[in-house]
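In the numbering used here, the protein residues as written are 91 to 424. Positions of the beta carbon are idealized from the N, C-alpha and C atoms, including for glycine. Since we're looking at a predicted model, the values are computed, not measured.
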(Lines of atoms letter the chains of each structure in order from A and count residues from 1; the text may use other names and numbers.)
(Lines give C-alpha, C1' and ligand atoms only; values in the text may rest on other atoms or scores of the structure.)
Protein backbone atom coordinates (compact mmCIF):
# COMPACT_ATOMS: atom_id res chain seq x y z
CA UNK A 1 0.00 0.00 0.00
CA UNK A 2 2.85 2.41 0.78
CA UNK A 3 4.40 1.76 -2.64
CA UNK A 4 1.05 2.54 -4.28
CA UNK A 5 0.75 5.80 -2.34
CA UNK A 6 4.24 6.83 -3.44
CA UNK A 7 3.44 6.00 -7.07
CA UNK A 8 0.26 8.08 -6.87
CA UNK A 9 2.13 11.00 -5.28
CA UNK A 10 4.79 10.92 -8.03
CA UNK A 11 2.17 10.84 -10.78
CA UNK A 12 0.20 13.66 -9.19
CA UNK A 13 3.34 15.81 -8.94
CA UNK A 14 4.26 15.19 -12.59
CA UNK A 15 7.12 12.74 -11.97
CA UNK A 16 6.02 10.48 -14.81
CA UNK A 17 7.65 7.44 -16.39
CA UNK A 18 7.15 6.41 -20.03
CA UNK A 19 6.06 2.86 -19.12
CA UNK A 20 4.11 1.49 -16.16
CA UNK A 21 4.09 -2.31 -16.19
CA UNK A 22 1.56 -3.42 -13.56
CA UNK A 23 1.58 -7.15 -12.93
CA UNK A 24 0.73 -9.76 -10.31
CA UNK A 25 -1.86 -12.05 -8.78
CA UNK A 26 -3.87 -9.33 -6.98
CA UNK A 27 -5.77 -7.21 -9.54
CA UNK A 28 -7.04 -4.63 -7.03
CA UNK A 29 -3.96 -2.39 -7.01
CA UNK A 30 -3.32 -2.88 -10.73
CA UNK A 31 -6.76 -1.40 -11.39
CA UNK A 32 -6.24 1.35 -8.81
CA UNK A 33 -2.95 2.56 -10.29
CA UNK A 34 -4.22 2.29 -13.86
CA UNK A 35 -7.40 4.22 -13.01
CA UNK A 36 -5.35 6.88 -11.20
CA UNK A 37 -3.18 7.44 -14.28
CA UNK A 38 -6.27 7.52 -16.49
CA UNK A 39 -7.88 10.21 -14.33
CA UNK A 40 -4.88 12.36 -13.38
CA UNK A 41 -2.28 12.67 -16.16
CA UNK A 42 -4.40 14.47 -18.76
CA UNK A 43 -7.06 17.12 -18.39
CA UNK A 44 -10.60 16.38 -19.54
CA UNK A 45 -10.00 18.45 -22.70
CA UNK A 46 -6.80 16.59 -23.55
CA UNK A 47 -8.20 13.07 -23.12
CA UNK A 48 -10.37 13.11 -26.24
CA UNK A 49 -7.40 13.04 -28.64
CA UNK A 50 -4.64 11.76 -26.37
CA UNK A 51 -6.01 8.95 -24.22
CA UNK A 52 -6.57 5.47 -25.58
CA UNK A 53 -7.69 2.20 -23.96
CA UNK A 54 -6.73 -1.04 -25.71
CA UNK A 55 -7.42 -4.66 -24.77
CA UNK A 56 -4.81 -7.40 -24.96
CA UNK A 57 -7.13 -9.85 -26.70
CA UNK A 58 -7.77 -7.37 -29.54
CA UNK A 59 -4.27 -6.06 -30.29
CA UNK A 60 -0.71 -7.20 -30.93
CA UNK A 61 2.53 -5.84 -29.49
CA UNK A 62 3.12 -4.18 -32.87
CA UNK A 63 -0.26 -2.40 -32.60
CA UNK A 64 0.64 -1.12 -29.12
CA UNK A 65 4.09 0.07 -30.18
CA UNK A 66 2.67 1.75 -33.28
CA UNK A 67 0.23 3.74 -31.16
CA UNK A 68 2.87 4.48 -28.52
CA UNK A 69 5.19 6.06 -31.09
CA UNK A 70 2.60 8.65 -32.15
CA UNK A 71 2.93 12.22 -30.88
CA UNK A 72 0.27 13.84 -28.69
CA UNK A 73 -2.09 16.47 -30.12
CA UNK A 74 -2.06 19.82 -28.33
CA UNK A 75 -0.87 18.21 -25.11
CA UNK A 76 2.40 17.33 -23.45
CA UNK A 77 1.57 13.62 -23.20
CA UNK A 78 -0.60 10.91 -24.64
CA UNK A 79 -1.74 8.03 -22.40
CA UNK A 80 -2.19 4.48 -23.71
CA UNK A 81 -3.70 1.95 -21.31
CA UNK A 82 -3.59 -1.73 -22.27
CA UNK A 83 -6.08 -3.70 -20.18
CA UNK A 84 -5.93 -7.50 -19.88
CA UNK A 85 -2.35 -7.36 -21.19
CA UNK A 86 -1.82 -10.90 -19.87
CA UNK A 87 -3.60 -12.06 -23.02
CA UNK A 88 -0.37 -11.08 -24.80
CA UNK A 89 1.81 -13.29 -22.58
CA UNK A 90 3.11 -15.39 -25.49
CA UNK A 91 4.49 -12.36 -27.30
CA UNK A 92 5.10 -9.94 -24.41
CA UNK A 93 8.92 -10.19 -24.75
CA UNK A 94 8.57 -8.38 -28.10
CA UNK A 95 7.91 -5.21 -26.11
CA UNK A 96 11.59 -5.08 -25.14
CA UNK A 97 12.73 -3.12 -28.21
CA UNK A 98 10.24 -0.33 -27.49
CA UNK A 99 11.07 -0.42 -23.76
CA UNK A 100 14.74 0.24 -24.57
CA UNK A 101 13.84 3.50 -26.32
CA UNK A 102 10.31 4.54 -25.32
CA UNK A 103 8.59 7.63 -26.70
CA UNK A 104 9.09 10.26 -23.95
CA UNK A 105 5.73 11.94 -24.67
CA UNK A 106 3.80 8.66 -24.27
CA UNK A 107 2.69 7.15 -20.97
CA UNK A 108 2.16 3.44 -21.70
CA UNK A 109 0.33 1.48 -18.99
CA UNK A 110 0.29 -2.32 -19.22
CA UNK A 111 -2.23 -4.09 -16.95
CA UNK A 112 -0.78 -7.61 -16.77
CA UNK A 113 -3.07 -9.36 -14.27
CA UNK A 114 -2.86 -12.69 -12.45
CA UNK A 115 0.70 -13.46 -13.58
CA UNK A 116 4.19 -11.96 -13.80
CA UNK A 117 6.85 -11.72 -16.47
CA UNK A 118 10.13 -13.61 -16.08
CA UNK A 119 12.43 -11.44 -13.98
CA UNK A 120 15.50 -13.10 -15.47
CA UNK A 121 14.73 -11.93 -18.98
CA UNK A 122 15.63 -8.76 -20.82
CA UNK A 123 12.13 -7.25 -20.81
CA UNK A 124 11.85 -7.14 -17.02
CA UNK A 125 15.34 -5.67 -16.61
CA UNK A 126 14.69 -3.03 -19.30
CA UNK A 127 11.29 -2.07 -17.89
CA UNK A 128 12.80 -1.72 -14.44
CA UNK A 129 15.48 0.60 -15.81
CA UNK A 130 13.34 2.73 -18.12
CA UNK A 131 9.97 2.73 -16.39
CA UNK A 132 8.07 1.35 -13.40
CA UNK A 133 7.41 -2.32 -12.73
CA UNK A 134 4.87 -2.82 -9.97
CA UNK A 135 4.08 -6.32 -8.72
CA UNK A 136 0.75 -6.65 -6.94
CA UNK A 137 1.05 -9.68 -4.68
CA UNK A 138 -1.86 -11.61 -3.23
CA UNK A 139 -2.29 -10.98 0.49
CA UNK A 140 -2.31 -13.86 2.92
CA UNK A 141 -5.54 -14.24 4.88
CA UNK A 142 -3.91 -13.04 8.10
CA UNK A 143 -2.81 -9.81 6.34
CA UNK A 144 -6.24 -8.78 5.07
CA UNK A 145 -7.55 -7.54 8.43
CA UNK A 146 -4.72 -5.01 8.67
CA UNK A 147 -5.36 -3.99 5.05
CA UNK A 148 -9.02 -3.35 5.86
CA UNK A 149 -8.07 -1.12 8.80
CA UNK A 150 -5.61 0.86 6.68
CA UNK A 151 -8.17 1.37 3.91
CA UNK A 152 -10.79 2.60 6.37
CA UNK A 153 -8.55 4.85 8.50
CA UNK A 154 -8.19 7.79 6.04
CA UNK A 155 -11.97 7.77 5.57
CA UNK A 156 -12.60 8.15 9.31
CA UNK A 157 -13.95 4.64 9.90
CA UNK A 158 -12.72 1.81 12.12
CA UNK A 159 -13.77 -1.83 12.27
CA UNK A 160 -14.18 -4.32 15.09
CA UNK A 161 -11.86 -7.36 14.83
CA UNK A 162 -14.79 -9.76 14.63
CA UNK A 163 -16.42 -7.71 11.84
CA UNK A 164 -13.15 -7.75 9.92
CA UNK A 165 -12.84 -11.50 10.38
CA UNK A 166 -16.40 -12.00 9.10
CA UNK A 167 -15.55 -10.16 5.88
CA UNK A 168 -12.39 -12.19 5.33
CA UNK A 169 -14.18 -15.46 6.02
CA UNK A 170 -17.05 -14.63 3.66
CA UNK A 171 -15.10 -12.93 0.85
CA UNK A 172 -11.66 -14.50 1.21
CA UNK A 173 -8.65 -12.43 0.12
CA UNK A 174 -10.35 -10.80 -2.88
CA UNK A 175 -9.55 -7.15 -2.13
CA UNK A 176 -11.87 -5.81 -4.84
CA UNK A 177 -14.89 -7.62 -3.37
CA UNK A 178 -13.99 -6.55 0.17
CA UNK A 179 -13.49 -2.95 -0.92
CA UNK A 180 -16.88 -2.94 -2.68
CA UNK A 181 -18.62 -4.03 0.52
CA UNK A 182 -16.69 -1.49 2.59
CA UNK A 183 -17.72 1.27 0.19
CA UNK A 184 -21.38 0.30 0.62
CA UNK A 185 -21.01 0.54 4.39
CA UNK A 186 -19.32 3.94 4.11
CA UNK A 187 -22.33 5.25 2.18
CA UNK A 188 -24.80 3.93 4.75
CA UNK A 189 -22.93 4.70 8.00
CA UNK A 190 -21.86 8.12 9.32
CA UNK A 191 -18.18 9.00 9.50
CA UNK A 192 -16.52 8.11 12.77
CA UNK A 193 -18.43 4.80 12.99
CA UNK A 194 -16.77 1.62 14.12
CA UNK A 195 -18.09 -1.05 11.76
CA UNK A 196 -19.51 -3.83 13.93
CA UNK A 197 -20.60 -7.44 13.31
CA UNK A 198 -24.19 -6.15 13.45
CA UNK A 199 -23.46 -3.69 10.60
CA UNK A 200 -22.00 -6.55 8.56
CA UNK A 201 -25.01 -8.78 9.22
CA UNK A 202 -27.64 -6.10 8.52
CA UNK A 203 -26.06 -4.60 5.39
CA UNK A 204 -24.03 -7.38 3.77
CA UNK A 205 -26.02 -10.42 4.80
CA UNK A 206 -23.35 -12.37 6.68
CA UNK A 207 -24.75 -13.94 9.84
CA UNK A 208 -22.87 -12.76 12.94
CA UNK A 209 -23.91 -15.86 14.91
CA UNK A 210 -23.89 -18.64 12.33
CA UNK A 211 -20.61 -18.55 10.45
CA UNK A 212 -17.31 -20.44 10.35
CA UNK A 213 -15.71 -17.91 12.68
CA UNK A 214 -18.32 -18.65 15.40
CA UNK A 215 -18.10 -22.39 14.71
CA UNK A 216 -14.35 -22.32 15.25
CA UNK A 217 -14.82 -20.48 18.54
CA UNK A 218 -17.57 -22.85 19.73
CA UNK A 219 -15.42 -25.89 18.97
CA UNK A 220 -12.40 -24.29 20.66
CA UNK A 221 -14.52 -23.47 23.73
CA UNK A 222 -15.89 -27.01 23.84
CA UNK A 223 -19.43 -25.63 23.46
CA UNK A 224 -21.15 -28.65 21.88
CA UNK A 225 -24.63 -27.10 21.90
CA UNK A 226 -23.63 -23.94 20.04
CA UNK A 227 -21.40 -25.82 17.59
CA UNK A 228 -24.31 -28.15 16.78
CA UNK A 229 -26.65 -25.18 16.21
CA UNK A 230 -24.19 -23.66 13.73
CA UNK A 231 -23.66 -26.97 11.91
CA UNK A 232 -27.46 -27.39 11.64
CA UNK A 233 -27.71 -23.91 10.14
CA UNK A 234 -24.95 -24.80 7.64
CA UNK A 235 -26.81 -28.00 6.72
CA UNK A 236 -29.96 -25.98 6.00
CA UNK A 237 -28.03 -23.38 3.95
CA UNK A 238 -25.38 -25.41 2.09
CA UNK A 239 -24.94 -22.98 -0.83
CA UNK A 240 -23.93 -20.14 1.50
CA UNK A 241 -21.80 -22.39 3.70
CA UNK A 242 -19.85 -24.87 1.55
CA UNK A 243 -18.33 -27.67 3.56
CA UNK A 244 -14.97 -27.41 1.80
CA UNK A 245 -14.54 -23.88 3.23
CA UNK A 246 -15.52 -24.99 6.76
CA UNK A 247 -13.07 -27.89 6.69
CA UNK A 248 -10.26 -25.67 5.38
CA UNK A 249 -10.79 -23.09 8.14
CA UNK A 250 -10.90 -25.74 10.87
CA UNK A 251 -7.80 -27.42 9.47
CA UNK A 252 -5.94 -24.11 9.62
CA UNK A 253 -7.17 -23.53 13.19
CA UNK A 254 -6.05 -26.92 14.50
CA UNK A 255 -2.74 -26.65 12.64
CA UNK A 256 -2.17 -23.38 14.49
CA UNK A 257 -3.10 -25.09 17.77
CA UNK A 258 -0.47 -27.74 17.05
CA UNK A 259 2.05 -24.94 16.57
CA UNK A 260 0.83 -23.31 19.82
CA UNK A 261 1.40 -26.50 21.82
CA UNK A 262 4.97 -26.66 20.54
CA UNK A 263 5.82 -23.10 21.60
CA UNK A 264 7.91 -22.42 24.68
CA UNK A 265 6.99 -18.73 24.92
CA UNK A 266 3.19 -18.57 25.14
CA UNK A 267 2.93 -14.89 26.01
CA UNK A 268 0.04 -13.20 24.12
CA UNK A 269 2.36 -11.01 22.04
CA UNK A 270 4.54 -13.94 20.97
CA UNK A 271 1.52 -16.13 20.20
CA UNK A 272 0.00 -13.41 17.99
CA UNK A 273 3.28 -12.99 16.13
CA UNK A 274 4.06 -16.69 15.75
CA UNK A 275 0.55 -17.71 14.65
CA UNK A 276 0.09 -14.52 12.57
CA UNK A 277 -3.23 -13.67 14.19
CA UNK A 278 -4.78 -10.51 15.60
CA UNK A 279 -3.91 -10.20 19.32
CA UNK A 280 -7.67 -9.87 19.94
CA UNK A 281 -8.06 -13.60 19.20
CA UNK A 282 -5.15 -14.96 21.27
CA UNK A 283 -7.36 -15.95 24.24
CA UNK A 284 -9.44 -18.15 21.95
CA UNK A 285 -6.33 -20.16 21.12
CA UNK A 286 -5.30 -20.38 24.78
CA UNK A 287 -8.77 -21.69 25.70
CA UNK A 288 -8.81 -24.15 22.81
CA UNK A 289 -5.36 -25.45 23.77
CA UNK A 290 -6.69 -26.27 27.25
CA UNK A 291 -9.62 -28.19 25.76
CA UNK A 292 -7.54 -29.95 23.11
CA UNK A 293 -4.18 -31.33 24.28
CA UNK A 294 -1.49 -31.96 21.68
CA UNK A 295 -2.41 -35.63 21.14
CA UNK A 296 -6.06 -34.72 20.54
CA UNK A 297 -5.08 -31.87 18.18
CA UNK A 298 -2.95 -34.27 16.12
CA UNK A 299 -5.88 -36.67 15.88
CA UNK A 300 -8.24 -33.86 14.80
CA UNK A 301 -5.83 -32.75 12.06
CA UNK A 302 -5.96 -36.32 10.72
CA UNK A 303 -9.76 -36.35 10.89
CA UNK A 304 -9.94 -33.06 9.00
CA UNK A 305 -7.66 -34.42 6.26
CA UNK A 306 -10.07 -37.32 5.85
CA UNK A 307 -13.13 -35.05 5.70
CA UNK A 308 -11.41 -32.66 3.30
CA UNK A 309 -11.34 -35.52 0.80
CA UNK A 310 -14.98 -36.40 1.56
CA UNK A 311 -16.08 -32.76 1.19
CA UNK A 312 -14.79 -32.90 -2.39
CA UNK A 313 -16.94 -35.94 -3.15
CA UNK A 314 -14.34 -38.68 -2.84
CA UNK A 315 -15.86 -41.70 -1.12
CA UNK A 316 -18.93 -39.78 0.04
CA UNK A 317 -20.89 -38.97 -3.11
CA UNK A 318 -24.28 -40.00 -1.74
CA UNK A 319 -23.86 -38.48 1.73
CA UNK A 320 -25.52 -35.05 2.22
CA UNK A 321 -23.19 -32.25 3.29
CA UNK A 322 -25.17 -31.70 6.49
CA UNK A 323 -24.69 -35.31 7.58
CA UNK A 324 -20.97 -35.13 6.87
CA UNK A 325 -20.65 -31.94 8.92
CA UNK A 326 -22.53 -33.48 11.87
CA UNK A 327 -20.31 -36.56 11.74
CA UNK A 328 -17.22 -34.33 11.60
CA UNK A 329 -18.39 -32.36 14.64
CA UNK A 330 -19.00 -35.52 16.66
CA UNK A 331 -15.55 -36.91 15.85
CA UNK A 332 -13.80 -33.63 16.74
CA UNK A 333 -15.62 -32.96 20.02
CA UNK A 334 -16.09 -36.46 21.45
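First through last residue of the beta strand (DSSP E) which encompasses residue i
{"i": "residue 97", "result": "Premise fails: residue 97 lies in the alpha helix (DSSP H), 92–102, not in any beta strand (DSSP E)."}
{"i": "residue 432", "result": "No information on residue 432 is available, as it lies outside the stretch 91 to 424 that the chain covers here."}
{"i": "residue 201", "result": "196–203"}
{"i": "residue 173", "result": "168–173"}
{"i": "residue 223", "result": "222–225"}
Of the residues the options, the one placed nearest residue i, counting alpha carbons only
{"i": "residue 314", "options": "162, 262, 417", "result": "417"}
{"i": "residue 228", "options": "256, 102, 117", "result": "117"}
{"i": "residue 205", "options": "354, 318, 180", "result": "180"}
{"i": "residue 269", "options": "238, 296, 285", "result": "238"}
{"i": "residue 139", "options": "346, 387, 334, 162", "result": "162"}
{"i": "residue 200", "options": "224, 330, 348", "result": "224"}
{"i": "residue 299", "options": "275, 253, 285", "result": "253"}
{"i": "residue 247", "options": "355, 267, 217, 274", "result": "274"}
{"i": "residue 396", "options": "359, 373, 415", "result": "415"}
{"i": "residue 444", "options": "244, 234, 103", "result": "Outside the shown range of the chain, which is 91 to 424, sits residue 444, and nothing can be said about it."}
{"i": "residue 144", "options": "400, 153, 103", "result": "153"}
{"i": "residue 195", "options": "217, 107, 278", "result": "107"}
8 Å contact criterion, which residue i and residue j should meet: CB distance rounded
{"i": "residue 174", "j": "residue 146", "result": "4 Å"}
{"i": "residue 339", "j": "residue 290", "result": "In fact, because the Cβ distance is near 17 Å, the residues do not count as touching under 8 Å."}
{"i": "residue 131", "j": "residue 207", "result": "At roughly 24 Å, the Cβ-Cβ gap does not stay under 8 Å, so residue 131 and residue 207 are not in contact."}
{"i": "residue 367", "j": "residue 390", "result": "The Cβ separation is near 18 Å, so there is no contact."}
{"i": "residue 226", "j": "residue 310", "result": "Their Cβ separation, rounded to whole angstroms, is 34 Å, which puts residue 226 and residue 310 out of contact at 8 Å."}
Proximity test, Cβ basis, 9 Å: residue i and chain B
{"i": "residue 109", "result": "Note that chain B does not occur in the displayed structure, where there is just one protein chain."}
Beta-carbon spacing of residue i, residue j below 9 Å
{"i": "residue 382", "j": "residue 361", "result": "no"}
{"i": "residue 328", "j": "residue 411", "result": "yes"}
{"i": "residue 142", "j": "residue 170", "result": "yes"}
{"i": "residue 333", "j": "residue 341", "result": "no"}
{"i": "residue 231", "j": "residue 283", "result": "no"}
{"i": "residue 127", "j": "residue 189", "result": "no"}
{"i": "residue 344", "j": "residue 394", "result": "yes"}
{"i": "residue 242", "j": "residue 272", "result": "yes"}
{"i": "residue 293", "j": "residue 336", "result": "no"}
{"i": "residue 213", "j": "residue 172", "result": "no"}
{"i": "residue 123", "j": "residue 158", "result": "no"}
{"i": "residue 321", "j": "residue 202", "result": "no"}
{"i": "residue 372", "j": "residue 347", "result": "no"}
{"i": "residue 165", "j": "residue 129", "result": "no"}
Alpha helix (DSSP H) segment containing residue i, residue limits
{"i": "residue 304", "result": "302–311"}
{"i": "residue 356", "result": "Run containing residue 356: none; DSSP gives neither H nor E here."}
{"i": "residue 434", "result": "This structure cannot settle anything about residue 434, because the visible part of the chain is limited to 91 through 424."}
{"i": "residue 257", "result": "251–261"}
{"i": "residue 299", "result": "Segment: none, residue 299 is in no alpha helix (DSSP H) and carries neither H nor E."}
{"i": "residue 375", "result": "372–381"}
{"i": "residue 235", "result": "231–242"}
{"i": "residue 409", "result": "No alpha helix (DSSP H) holds residue 409; DSSP gives it neither H nor E."}
{"i": "residue 389", "result": "384–401"}
Heavy atom of the ligand NAP within 8 Å of residue i beta-carbon
{"i": "residue 99", "result": "Absence of the ligand NAP from the depicted structure is noted, as is the absence of any ligand whatsoever, leaving it without description."}
Every unbroken beta strand (DSSP E) within the region 100–163, with a cutoff of 3 residues, ordered by chain: 109–114, 141–145, all fully within the region 100–163.
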